[in-house]
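Data first, discussion second: the structure below is written as structure tokens.
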DNA sequence: CGCCGTTTGTGCACAATTGCACAGACAGCC
DNA sequence: GGCTGTCTGTGCAATTGTGCACAAACGGCG
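Chains as they are written, first to last, in this note's numbering: chain A, 73 to 329; chain B, 73 to 329.
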């Protein structure tokens with residue numbers, strides 16, 4: 073059992089935004105787990121029995137695999153949200169696989185418990201509905217982004233998104249993995265990263281990417297990152313933003329998600 | 073006021089799948105409207121005060137516009153679903169624009185009415201949650217599809233989707249419009265359509281596309297169309313499928329959506 | 001019938017991206 | 001300190017898609 077105000081619990085913005093009373097309803101049922109990179113939270117077609125709340129710098133992703141084996145990330149979730157049955161909320165089969173991309177601590181909750189608690193608390197219901205709306209917005213934007221924007225811009229966008237969630241300049245990811253997530257060819261992605269490096273936006277290291285000029289990277293990225301972030305701020309900002317309980321990160325570096 | 077069993081009302085699969093009792097809760101608040109092609113149901117950023125149920129062969133789309141003016145369709149909704157606040161369900165700002173693509177009758181309902189009715193009926197809540205899950209699945213698949221599949225396959229997929237909703241071989245759409253929806257160049261789309269025509273899958277006419285070999289078109293299309301359709305059948309099939317009230321279409325030609 | 005605006009067809013240069021092959025570099029481990 | 005497996009860099013041909021210009025075809029309307 074986790075204390076209501078445990079840092080772990082507050083390390084997820086959704087959970088952190090709850091009133092102490094609502095948080096107390098969930099806390100007894102939350103299970104802390106450490107997830108490794110690559111760990112599959114649920115597989116496409118499976119019933120989703122747990123909802124996971126990444127905390128700290130843990131990041132998970134919804135991934136769709138095609139018959140030919142190629143995969144793409146279709147949604148990313150960090151400590152700003154939750155993964156699994158966010159929309160369906162029942163015992164429906166998952167449409168996509170969920171994979172841990174950046175290892176770290178996660179809080180798990182049985183889907184059914186969440187359902188019960190939602191029934192009991194309008195504020196909690198409201199919060200999750202708002203998050204679902206944001207998740208959908210993120211995915212809608214990704215559809216458009218993949219249709220219209222060249223890889224370099226999408227790559228820059230993706231780096232920004234990961235940095236927001238990690239809150240660090242150093243992103244532990246290989247070209248290979250990033251290429252898979254973007255759904256592009258590894259060798260071309262290497263060239264793209266090198267191009268970004270030549271523009272002094274990032275530095276490419278073995279197994280990691282270092283952001284050295286965030287502002288310029290934002291300028292290089294497509295507008296999609298900003299559009300989604302703005303929606304999060306509009307819809308969840310008052311709840312998870314500045315007025316939310318402080319997170320264990322240096323204040324000047326806190327971001328919306 | 074619309075009678076509970078009016079053909080118009082049953083012409084939307086979601087409304088048609090409701091128990092007569094639940095349908096009676098909504099019916100008094102439904103407003104029938106005729107929509108023209110191009111009509112904007114709501115604009116991005118606006119609060120969504122109405123939810124619209126396309127009936128018959130009316131088709132609407134969620135569209136995202138980029139700063140440079142280019143647009144893409146990010147979700148399509150026909151008589152299998154509903155558009156507007158399906159997920160957010162509250163008075164949150166819409167993330168994307170909603171546009172009528174194929175003119176026809178639509179039933180409108182104030183978002184707030186739907187909220188009230190949901191509060192009163194678990195079955196209705198369940199149905200809408202299921203639909204929201206399917207909508208999300210459709211969008212997730214579109215993210216992957218746009219990332220991985222060449223235009224010809226996506227084009228074939230799109231044609232199948234429209235045909236499902238229209239239930240006709242003849243699709244009233246111009247190259248120009250279709251290119252906008254897919255987010256590709258008109259001149260290239262013309263070539264793509266011609267290629268599909270040369271394979272005897274479709275016939276290209278001025279202002280319309282005629283499907284002449286559905287099966288072969290399905291083979292040419294990417295797997296995405298099938299994957300989404302399967303999810304609809306799994307999640308909504310028992311409700312909106314064969315066991316649902318008959319729709320005014322010839323039985324052999326009925327499709328899942 | 002003939003005109004006119006819209007829609008479609010096509011040519012061409014070139015940019016973006018794939019696909020594949022292979023060399024080199026790094027980091028951890030024994 | 002050297003081996004080994006993973007990760008990164010790069011060369012090159014082929015394909016896919018863009019961007020633009022302009023001609024041709026169609027169909028409704030007066």
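Ideal Cβ placement from N, Cα and C applies to all residues, glycine included.
In this text, all values refer to a predicted model and were calculated from it rather than measured experimentally.
- Closer than 9 angstroms to the CB of residue 275/B there is not a single CB belonging to chain A.
- Within the stretch 159-185 of chain A, 159, 160, 161, 162, 164, 165, 167 and 168 place their CB atoms closer than 7 angstroms to a CB of chain B, listed in sequence order.
- DSSP lists 134/A as the bridge partner or partners of residue 147/A.
- By the Cβ neighbour-count rule, residue 110/B is exposed, with fewer than 16 other Cβ atoms within 10 Å of its own.
- With a threshold of 9 angstroms between beta carbons, residue 213/A makes contact with chain B.
- For the stretch 252-263 of chain A, the beta-carbon criterion of a distance under 9 angstroms to any beta-carbon of chain B is satisfied by 254, 255 and 256.
- Within the stretch 134-150 of chain A, the residues whose Cβ lies closer than 9 angstroms to some Cβ of chain B are 134, 135, 136, 137, 138, 139, 140, 142, 143, 144, 145, 146 and 147, listed in chain order.
- Interface flag for residue 112/A against chain B is unset, since no Cβ pair is found closer than 9 angstroms.
- Only exposed fits residue 188/B, as fewer than 16 other CB atoms lie within 10 angstroms of its CB.
- With a cutoff of 9 angstroms on beta-carbon distance, residue 224/A and residue 268/A are scored as near each other.
- Per DSSP, residue 106/B is one residue of the beta strand (DSSP E) stretching across 103-107.
- Taking the beta carbon of residue 89/B as reference, no residue of chain A falls within 9 angstroms; the closest one sits roughly 16 angstroms away.
- Cβ proximity to chain B below 8 angstroms picks out 216, 218, 219 and 220 from the stretch 216-237 of chain A.
- Within the stretch 231-292 of chain A, the runs of beta strand (DSSP E) that reach at least 3 residues and sit entirely inside it are, in chain order, 274-277 and 280-283.
- By alpha-carbon distance to residue 194/A, the top candidate from 151/A, 91/A, 158/A and 300/A is 91/A.
- The Cβ atoms of residue 232/B and residue 286/B sit closer than 9 angstroms to each other.
- Here DSSP, grouped into helix, strand and coil, assigns residue 118/B to coil.
- If you draw a straight line from the Cα of residue 98/A to the Cα of residue 144/B, it is about 40 angstroms long.
- Secondary structure at residue 159/A: coil, using DSSP grouped into helix, strand and coil.
- Residue 200/B carries a helical assignment under DSSP once its states are collapsed to helix, strand and coil.
- Straight-line measurement puts the Cα of residue 212/A at about 14 angstroms from the Cα of residue 298/A.
- Annotated as proximal: residue 227/B and residue 264/B, with beta-carbon spacing under 9 angstroms.
- Residue 205/A has a beta carbon lying within less than 9 angstroms of a beta carbon in chain B.
- For residue 295/A, the nearest CB of chain B lies under 9 angstroms from its own CB, placing it at the interface with that chain.
- In the three-state scheme derived from DSSP, where H, G and I count as helix and E and B as strand, residue 304/A is classed as helix.
- Just so you know, the alpha carbons of residue 94/A and residue 96/B end up roughly 35 angstroms apart.
- Annotation for residue 132/B: 113, 124, 126, 149, 155, 170, 171, 172 and 173 place their beta carbon closer than 7 angstroms to its own, counting only its chain and skipping 5 residues before and after.
- Against chain A, a Cβ distance below 7 angstroms from residue 209/B picks out 167.
- Residue contact with chain B for residue 303/A: present (Cβ-Cβ distance below 9 angstroms to some residue of chain B).
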